[in-house]
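The structure appears below as structure tokens.
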Amino acid sequence: GAGVSQTPSNKVTEKGKYVELRCDPISGHTALYWYRQSLGQGPEFLIYFQGTGAADDSGLPNDRFFAVRPEGSVSTLKIQRTERGDSAVYLCASSKGLADTQYFGPGTRLTVL
Amino acid sequence: EDQVTQSPEALRLQEGESSSLNCSYTVSGLRGLFWYRQDPGKGPEFLFTLYSAGEEKEKERLKATLTKKESFLHITAPKPEDSATYLCALYSGGYQKVTFGTGTKLQVIP
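Shown next as structure tokens:
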């Protein structure tokens with residue numbers, strides 16, 4: 050079956066602009082996670098959804114970042130007033146349920162000029 | 703605070719030269735330890751999940767083991783296609799988020 054997909058694969062934007070990153074999880078997976086990965090580092094947790102609700106958003110760095118999952122499937126990570134420090138690869142993962150193995154998408158590389 | 707430390711940061715092996723990667727952890731209530739492989743420009747690819755001390759899992763040239771304080775990823779007779787960054791991660795009890803280590807970058811030379 051299809052894996053986790055993310056769009057776009059690359060996004061270049063200017064400082065101060067708004068961006069949306071999309072994640073399509075594996076069909077039937079109820080849990081969805083967003084991570085941010087900087088060069089040479091492991092993925093860093095941002096937010097986790099169980100169904101439609103954000104069960105843990107403790108990793109979001111500030112209020113410019115928020116994410117939604119309105120129908121319990123596709124999720125969108127939204128970043129307002131982007132800053133150069135937001136440049137990174139944004140990874141999405143999904144799992145069947147709580148504490149199950151997470152399967153990752155290919156990521157979106159965000160570059161803020 | 704839960705921590706995951708991987709060593710070495712980088713490892714260069716000749717083809718066929720077996721070795722081990724280490725993942726040390728401190729966690730309040732381990733609920734699962736994961737190994738992933740990540741190729742440049744791609745998302746992490748799942749390899750293994752280990753749940754309790756003493757557990758071992760194997761896949762082709764890879765074998766993962768777990769103790770109460772660390773996990774090892776043993777690579778037997780590696781090939782150049784095994785070159786990648788190997789990430790260790792864990793769920794901690796009471797939380798649903800996963801904490802990752804910084805990875806070991808493995809290069810296998812023909």
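Chains as they are written, first to last, in my numbering: chain A, 50 to 162; chain B, 703 to 812. Where a beta carbon is used, it is the ideal one built from N, C-alpha and C, also for glycine.
Practice problem: Under 8 Å between beta-carbons, which chain A residues line up against Gln798/B? List them in chain order, please. | Solution: Ala80, Tyr97, Gln99, Ala104, Asp105, Leu147 and Ala148
Practice problem: Give the straight-line distance between the Cα atoms of Lys66/A and Arg158/A, rounded to the nearest whole angstrom. | Solution: 16 Å
Quiz item: Leu713/B CB to nearest chain A CB: under 7 Å?
Solution: no
Quiz item: By the 10 Å Cβ neighbour count, where 16 or more other Cβ atoms means buried, how is Ile811/B classified, buried or exposed?
Solution: exposed
Quiz item: Using CA coordinates, which residue listed in Arg130/A, Gly121/A, Val123/A and Asn111/A is at the minimum distance from Leu162/A?
Solution: Arg130/A
Self-check item: Counterpart residues of Lys145/A in DSSP-defined beta bridges
Solution: For Lys145/A, which the question treats as bridged, DSSP gives no partner whatsoever.
Quiz item: DSSP state of Gly734/B, grouped into three classes?
Solution: strand
Quiz item: Taking C-beta to C-beta, are Lys60/A and Val53/A nearer than 7 Å?
Solution: no
Exercise. Would you please verify whether the beta carbon of Tyr788/B is less than 7 Å from any beta carbon of chain A?
Key: no
Quiz item: In this structure, does DSSP put Arg133/A in helix, strand or coil?
Solution: helix
Quiz item: Roughly how many whole angstroms lie between the Cα atoms of Pro198/A and Gly743/B?
Solution: With chain A covering only 50 through 162, there is no way to say anything about residue 198/A.
Quiz item: Tyr793/B touches chain A at which residues, Cβ-Cβ below 7 Å?
Solution: Ala148
Quiz item: Using the C-alpha atoms, what's the distance from Leu808/B back to Lys781/B?
Solution: 11 Å
Practice problem: Look up Glu783/B in the DSSP assignment and say whether it is helix, strand or coil. | Solution: helix
Quiz item: Taking Cβ positions only, does Gln90/A come closer than 7 Å to chain B?
Solution: yes
Practice problem: For Val61/A, verify whether its CB is less than 6 Å away from any heavy atom of the ligand ADP. | Solution: What this structure holds is no ligand at all, so the ligand ADP is not there to describe.
Practice problem: Determine the direct distance from the alpha carbon of Tyr84/A to that of Phe114/A, and round the result to whole angstroms. | Solution: 12 Å
Quiz item: What residue range is occupied by the uninterrupted beta strand (DSSP E) comprising Asn59/A?
Solution: Asn59 to Thr62
Quiz item: Of the choices Ile777/B, Gln798/B and Thr751/B, whose alpha-carbon is the least far from that of Leu723/B?
Solution: Ile777/B
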